[in-house]
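For reference, the structure discussed in these notes is given below.
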Amino acid sequence: MRMIAAAEAARNWLLTIGESAVTDDKKERTYSDEEVEARLKSELPHWRLEDGWIRRKYKTHSWKGTLMVINTVGHLAEAAWHHPDITASYAWVEVRLKNHNARGITDKDFELAKKIEEVVSWQPGKAGGALEGTPEKDPRFAYLKYED
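Letter by letter, the sequence shown follows residues 1 to 148 of UniProt numbering.
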């Protein structure tokens, strides 16, 4: 129980310093729910708006795939300096984005969601290049349940 309380305290502290530690104080434009829904429909059809967050659940084949998705999202978020909330289980990962400083959904959320979607959903075997991708029929190598 102490670990959970400590983790929550650390998360709250990080949220208070978060992005404002290195950005200016100008107010970012937030989108209304209707605007968010419209953009998700046209730009990110596998994402949804729920409880003030844009969300996407990625289904994986195993814990290995779950960790690969988490690490990918972590790398992209750190590079962008815009950090999502992530919930994971054995065979899925949920990514939730909203701008804590702006207290809503901003362009940062859409841009990071697009990059996450692009990288996590990439299927090199279907891209027609030299990279063949993971063997789809062999469960030892399968990691993401792609939605075509």
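Note that beta-carbon positions come from the ideal geometry of N, C-alpha and C, so glycine has one too.
Tell me which residue opens and which closes the beta strand (DSSP E) that Ala88 is part of.
Taking the first residue of the sequence shown as 1, we reach residue 88 at position 88. In the DSSP assignment, Ala88 falls within the beta strand (DSSP E) that extends over Asp85 to Ser89.
Am I right that Leu76 and Leu97 are in contact with their C-beta atoms under 8 Å? What's the rounded C-beta distance?
Along the sequence shown, one-based indexing puts residue 76 at 76. Along the sequence shown, one-based indexing puts residue 97 at 97. Actually they do not touch by this definition, with Cβ atoms about 11 Å apart.
Which same chain residues, not among the five before or five after Lys108, have their C-beta less than 6 Å away from its C-beta?
The residue you call residue 108 lines up with position 108 of the sequence shown. Closer than 6 Å at the Cβ level, and outside the excluded window around Lys108, lie His82 and Asn99.
Note down the Cα distance separating Lys137 from Leu131, rounded to an integer number of angstroms.
Locating residue 137 in the sequence shown gives position 137, counting from the first residue. Locating residue 131 in the sequence shown gives position 131, counting from the first residue. Taking the straight line joining both Cα atoms gives about 17 Å.
Thinking C-beta only, is Thr134 closer than 8 Å to Glu28?
Locating residue 28 in the sequence shown gives position 28, where the first residue counts as 1. Locating residue 134 in the sequence shown gives position 134, where the first residue counts as 1. In terms of Cβ geometry, Glu28 and Thr134 do not form a close pair [threshold 8 Å].
Measuring straight from C-alpha to C-alpha, what distance separates Lys57 and Arg103?
Indexing the sequence shown from 1 puts residue 57 at position 57. Indexing the sequence shown from 1 puts residue 103 at position 103. Rounded to whole angstroms, Lys57 to Arg103 spans 22 Å at the Cα level.
Straight-line CA distance for Ile70 to Leu40?
Indexing the sequence shown from 1 puts residue 70 at position 70. Indexing the sequence shown from 1 puts residue 40 at position 40. If I take the Cα positions, the gap works out to 22 Å.
What residue does the beta strand (DSSP E) around Glu50 start on, and which one ends it?
Counted from its first residue, the sequence shown places residue 50 at position 50. Here the beta strand (DSSP E) through Glu50 covers Arg48 to Glu50.
Is Thr87 closer than 8 Å to Val119 when the C-beta atoms are compared?
Translated into the one-based positions of the sequence shown, residue 119 becomes position 119. Translated into the one-based positions of the sequence shown, residue 87 becomes position 87. No, they are not a contact pair.
Beta-carbon within less than 8 Å of Glu117's beta-carbon, same chain only, minus the 5 sequence neighbours each way: which residues are those?
As a first step, residue 117 must be located in the sequence shown, where it is residue number 117. Once the five neighbours on either side are set aside, the close Cβ partners of Glu117 are Leu44, His46, Trp47 and Arg56.
Could you tell me the boundaries of the beta strand (DSSP E) in which Arg56 lies?
As a first step, residue 56 is located in the sequence shown; it is residue number 56 there, counting from the start. Going by DSSP, Arg56 is part of the beta strand (DSSP E) stretching over Trp53 to Lys59.
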